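Q:
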Ligand SMILES: Nc1ncnc2c1ncn2[C@@H]1O[C@H](COP(=O)(O)OP(=O)(O)OP(=O)(O)O)[C@@H](O)[C@H]1O
């Protein structure tokens with residue numbers, strides 16, 4: 034009994050060996066999430082009808098704002114169909130009376146039938162015309178609502194703080210909320226169908242009550258079990274989907290790895306392809322087992338619901354038989370009642386299914402709404418004081434930052450000053466906090482402790498979008514946009530229109546002239562391997578395009594700004610690297626501070642000031658000569674790298690192989 038009537042339980046997925054092997058365990062939401070969801074599900078089970086109007090209302094409001102004429106047309110045609118259904122039943126009743134209760138010769142009785150039949154025919158035609166009108170208007174509303182919900186979703190995702198994107202819980206919510214827009218679209222269809230169901234039910238119920246008051250409760254008894262069954266199946270499906278969402282994502286991840294270009298070489302040479310494919314198969318098998326469990330559960334639930342509904346139907350016909358034999362109901366009324374009960378239970382069944390679909394879709398729309406609320410709380414704030422045009426310096430004062438899921442801070446009490454017109458280098462071993470420092474400097478992350486000052490203004494008081502206007506960023510993994518070469522450069526400041534001629538200085542500056550000259554259509558060539566006729570550039574060629582983009586961005590701003598370059602030369606050949614460092618240094622202008630992060634020590638020696646990070650703390654700072662004289666970390670790093678280029682007398686042979694051959 035509990036199996037059918039207890040709360041919907043989170044499916045305990047069987048974890049495949051493949052999942053353990055690849056991801057170290059099952060990939061699904063933690064129990065904290067599932068218990069919270071159980072609580073909500075129990076609640077919604079009891080009060081599905083109570084919680085739904087709010088969500089249905091929100092979707093309808095969206096539809097109203099999108100196209101109120103279409104929404105009104107749908108509502109009117111559905112109400113019209115409901116009225117037509119009632120008139121149709123009354124016409125049937127008239128036909129029944131003429132057929133079974135009438136007097137006179139058969140020809141006279143047939144004549145008496147005609148008006149009823151004619152009315153039923155006209156009603157049928159009107160009904161189908163109204164249905165067609167409703168379908169066409171709903172067809173306009175549905176994609177509109179989906180587009181609005183999708184736009185809300187995308188806009189919210191693109192405007193949240195970087196910290197939210199790094200937060201695994203929020204990422205999960207972004208993932209779940211993606212189902213919301215399609216559900217909102219389906220909700221419109223379900224709302225229309227439910228409205229139709231409600232109206233035709235009210236009219237049928239009215240007719241039935243007129244025929245005999247006992248028939249109405251019987252009708253409800255017939256439909257109730259089906260409603261319960263459909264609701265339960267929907268909730269099981271929802272819980273299953275939520276508990277398996279990360280598993281599905283992991284499966285998709287493996288699938289993508291097998292088809293992506295970036296992994297293609299190792300997939301083949303290391304035979305990772307066959308390995309991952311076998312793991313994919315095993316993971317898919319465990320997901321299929323879940324589908325099978327769901328199908329079995331659905332079949333059982335629907336079977337129980339159908340049995341209960343059948344019992345109620347038998348009781349109804351039994352009652353009608355008793356009413357006829359005891360003389361409480363005429364045969365003609367009984368004939369109409371049979372038709373009314375059948376139409377009524379069919380429309381009640383359909384209504385229950387539609388309400389249930391509304392309920393199921395509303396679960397996803399609710400996630401979408403939950404995401405929008407949380408995203409709004411984490412959106413980069415709009416207001417703030419304008420950033421002064423002239424600031425002289427940017428100062429980081431005892432800044433600390435710890436990532437949400439980390440115990441130790443990535444930056445710990447870091448203090449540094451970037452004067453306008455200077456070049457500052459930041460060095461340090463892997464994981465020492467250099468990239469985090471750049472994210473703080475660019476305003477992408479806010480200090481959790483300490484302050485970032487632009488002149489005398491604290492970043493927390495400044496308008497962030499204005500601040501972003503003042504930042505030029507070139508990172509090692511800068512975006513390679515799948516658009517034309519010209520657009521790839523122009524996207525450094527997309528709001529500014531630019532002809533190929535306008536972009537030429539940036540191309541020349543970055544030394545990207547020969548790269549562009551090689552392209553079949555010059556700057557108009559499409560740089561995206563996945564499209565026909567497009568070109569793919571090498572890593573170093575891309576870095577030159579990236580540098581041109583940075584130049585375009587910095588050359589289109591006159592106010593004081595900061596240029597942040599994080600490992601900009603990793604893919605460049607030695608000559609290009611020397612030139613690139615030289616070009617970056619030349620970007621330091623009276624109104625621009627340049628910050629350079631790199632492991633190439635040769636690139637930093639000419640910087641005005643060098644800061645050395647170690648485990649998130651500032652270990653030392655000074656000019657190249659000062660730091661070399663101090664003989665600390667910087668001197669050790671520099672000497673170690675320089676020693677690699679020093680001539681060696683001989684290269685020692687290894688005494689024994691470093692990797693043992695298998696016996
Ligand atoms: N998004 C993130 N979420 C959690 N921890 C992070 C994140 N990004 C970086 N970290 C952690 O913060 C620390 C500093 O990382 P950061 O990327 O700033 O180092 P880095 O000096 O730039 O390293 P590298 O030279 O390897 O690029 C590391 O321990 C890293 O694991």
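Numbering (my numbering), first residue to last: 34 to 696. Positions of the beta carbon are idealized from the N, C-alpha and C atoms, including for glycine. Since the model is a prediction, treat every value here as computed from it, not as a measurement.
1. Can you find at least 3 beta carbon pairs, one from the region 153 to 173 and one from the region 94 to 107, that sit closer than 8 angstroms?
2. Using the Cα positions of residue 69 and residue 553, report the straight-line distance between them to the nearest angstrom.
3. So what does DSSP say about residue 445, is it helix, strand or coil?
4. Report the start-end ranges of each alpha helix (DSSP H) in the region 91 to 131 that is 4 residues or longer and not cut off at the edges.
5. Here's the rule I'm using: 16 or more other beta-carbon atoms within 10 Å means buried, otherwise exposed. How should residue 482 be labelled?
6. Ignoring anything shorter than 4 residues, give me the alpha helix (DSSP H) runs that lie fully in the region 247 to 331, in order along the chain.
7. Taking only runs that begin and end inside the region 354 to 429, name each unbroken alpha helix (DSSP H) of 4 or more residues, in chain order.
8. When you compare only the Cα positions, how much space is there between residue 53 and residue 289?
9. For a test of your reading of the model: does the CB of residue 542 fall under 7 angstroms from any non-hydrogen atom of ligand 1? Yes or no.
10. Mind reading off the beta-carbon distance from residue 420 to residue 495? Whole number of angstroms is fine, and I expect it under 8 angstroms.
11. Below 7 angstroms, is the gap between the Cβ of residue 475 and the nearest heavy atom of ligand 1?
12. Could you tell me which residues DSSP pairs with residue 596 in its beta bridges?
13. Using CA atoms only, rank isn't needed, just tell me which of 401, 594, 579, 488 is closest to residue 184.
14. Quick one: is residue 94 buried, meaning 16 or more other Cβ sit within 10 Å of its Cβ, or exposed?
15. If distances are taken between C-alpha atoms only, which option among 100, 394, 335 comes closest to residue 220?
16. Measuring from the CB of residue 440, is there a heavy atom of ligand 3 at a distance below 7 angstroms?
17. How many angstroms separate the CA atom of residue 253 from the CA atom of residue 154?
18. Do residue 149 and residue 124 have their C-beta atoms within less than 8 angstroms of each other?
19. Just checking my contact of residue 456 with residue 627 at CB under 8 angstroms: how many whole Å lie between their CB atoms?
20. The alpha helix (DSSP H) with residue 54 in it runs from where to where?
21. Measuring CA to CA, which of 129, 157, 666 is closest to residue 121?
22. Compare the beta carbon distance of residue 651 and residue 447 with 8 angstroms and say whether it is the shorter of the two.
23. Using three-state DSSP, classify residue 242 as helix, strand or coil.
24. By how many angstroms is the C-alpha of residue 322 removed from the C-alpha of residue 309?
25. So, with DSSP's three-state summary, where would you put residue 582?
26. Using the DSSP secondary-structure output, state which residues sit across from residue 645 in a beta bridge.
27. Give the secondary structure of residue 483 by DSSP, where H, G and I count as helix, E and B as strand, and everything else as coil.
28. Rounded to whole angstroms, what's the CA-CA distance from residue 172 to residue 442? Just pull it up for me.
29. Tell me whether residue 230, by its Cβ, gets closer than 7 angstroms to a heavy atom of ligand 1.
30. Roughly how many angstroms separate the alpha carbons of residue 55 and residue 513, rounded to a whole number?
A: In short, the structure shows the following:
1. Contact between the region 153 to 173 and the region 94 to 107 is present, because at least three Cβ pairs lie under 8 angstroms.
2. For residue 69, the pLDDT reaches just 39, beneath the cut-off of 50, and the residue's location in the model is therefore unreliable, although a value from the coordinates is still provided. For residue 69 and residue 553, the distance between alpha carbons rounds to 57 angstroms.
3. strand
4. 101 to 129
5. exposed
6. 248 to 292, 297 to 302
7. 364 to 411
8. 19 angstroms
9. no
10. Cβ atoms of residue 420 and residue 495 come within 8 angstroms of each other, at about 5 angstroms.
11. no
12. 505, 627
13. 401
14. exposed
15. 394
16. This structure simply doesn't include ligand 3; it includes ligand 1 instead.
17. 29 angstroms
18. yes
19. 5 angstroms
20. 50 to 56
21. 157
22. yes
23. In the structure shown, residue 242 sits in a helix (DSSP, three-state: H, G or I).
24. A direct Cα-Cα distance of roughly 20 angstroms separates residue 309 from residue 322.
25. helix
26. In the DSSP assignment, residue 645 forms a beta bridge with 460, 653.
27. Taken through DSSP and simplified to helix, strand or coil, residue 483 comes out as strand.
28. Distance between the alpha carbons of residue 172 and residue 442 is about 53 angstroms.
29. In this structure, the C-beta of residue 230 stays at least 7 angstroms away from each heavy atom of ligand 1.
30. 29 angstroms
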